[in-house]
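A.B. asks:
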Amino acid sequence: MLTPTRLLFISLCAICGSSATYADSINCSRARLPDEHAICRSVELQKQDVKMTTLFEVSGHLMAMGSRGAMQDRQVEWLKDRHQCKTNLSCLRSAYAQRIDELNQGLEGIYSRGPF
């Protein structure tokens, strides 16, 4: 569960920017793959995409350098899985729900060990 303090911290980290290109939100004017077009046609999936991207970026800022590579590798795998959904909205919703859950679990682990 995200407390207001944690939510503020996540928001500030997201505003600070990130060099991660593994989880850029979809630019609908440049969408080229079937899954990207499907996401751009769904406000719900666009919101999930932004949420997942924010969680990924925040995780990258908080994670130890040695763990970031594994997180980025997992993101690449996830993107390949998402591409396989093509235009199947149920598949895309499920993919986002799973990835968001994974990233939230990672952040909870960081919170439990960190000085936050």
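For reference, each letter of the sequence shown is one residue, going -23 to -1, 1 to 93 in mature numbering (1 follows the signal peptide of the UniProt record, and there is no 0).
Just so you know, even glycine gets a beta-carbon here, dropped at the ideal spot from N, CA and C.
Computed from a predicted structure; not experimentally measured.
Let me know the secondary structure DSSP gives Ala41 once reduced to three states.
C.D. replies: Working through the sequence shown from its first residue, we reach residue 41 at position 64. Coil.
A.B. asks: Any chance the segment 13 to 27 sits against the segment 35 to 42, with 3 or more Cβ pairs inside 8 Å?
C.D. replies: At 8 Å Cβ cutoff, the stretches do not touch.
A.B. asks: What are the boundary residues of the alpha helix (DSSP H) that Leu84 is part of?
C.D. replies: As a first step, residue 84 is located in the sequence shown; it is residue number 107 there, counting from the start. Its alpha helix (DSSP H) spans residues Leu66 to Arg90.
A.B. asks: Using only the alpha-carbon positions, how far apart do Cys5 and Glu13 sit?
C.D. replies: Position 28 of the sequence shown, counted from the first residue, corresponds to residue 5. Position 36 of the sequence shown, counted from the first residue, corresponds to residue 13. So the two alpha carbons sit approximately 7 Å from each other.
A.B. asks: Are Cys62 and Leu69 touching if we call contact CB-CB under 7 Å?
C.D. replies: The residue given as residue 62 occupies position 85 in the sequence shown. The residue given as residue 69 occupies position 92 in the sequence shown. Taking 7 Å as the Cβ cut-off, Cys62 and Leu69 qualify as a contacting pair.
A.B. asks: Which same chain residues, not among the five before or five after Leu80, have their C-beta less than 8 Å away from its C-beta?
C.D. replies: Here residue 80 corresponds to residue number 103 of the sequence shown, with the count starting at 1. Result list for Leu80: Met29, Leu32, Phe33 and Ser36, in chain order.
A.B. asks: In terms of residue numbering, what span does the alpha helix (DSSP H) encompassing Asp12 cover?
C.D. replies: Here residue 12 is taken as the residue at index 35 of the sequence shown, counted from 1. Counting along the chain, Asp12 sits inside the alpha helix (DSSP H) bounded by residues Pro11 to Cys17.
A.B. asks: Of all the options His60, Leu66 and Ser89, which has the alpha carbon lying nearest to the alpha carbon of Val20?
C.D. replies: Along the sequence shown, one-based indexing puts residue 20 at 43. Out of His60, Leu66 and Ser89, Leu66 has the C-alpha closest to the C-alpha of Val20.
A.B. asks: DSSP on Lys24, reduced to helix/strand/coil?
C.D. replies: In the sequence shown, the residue the question calls residue 24 occupies position 47. DSSP places Lys24 in helix when its eight states are reduced to three.
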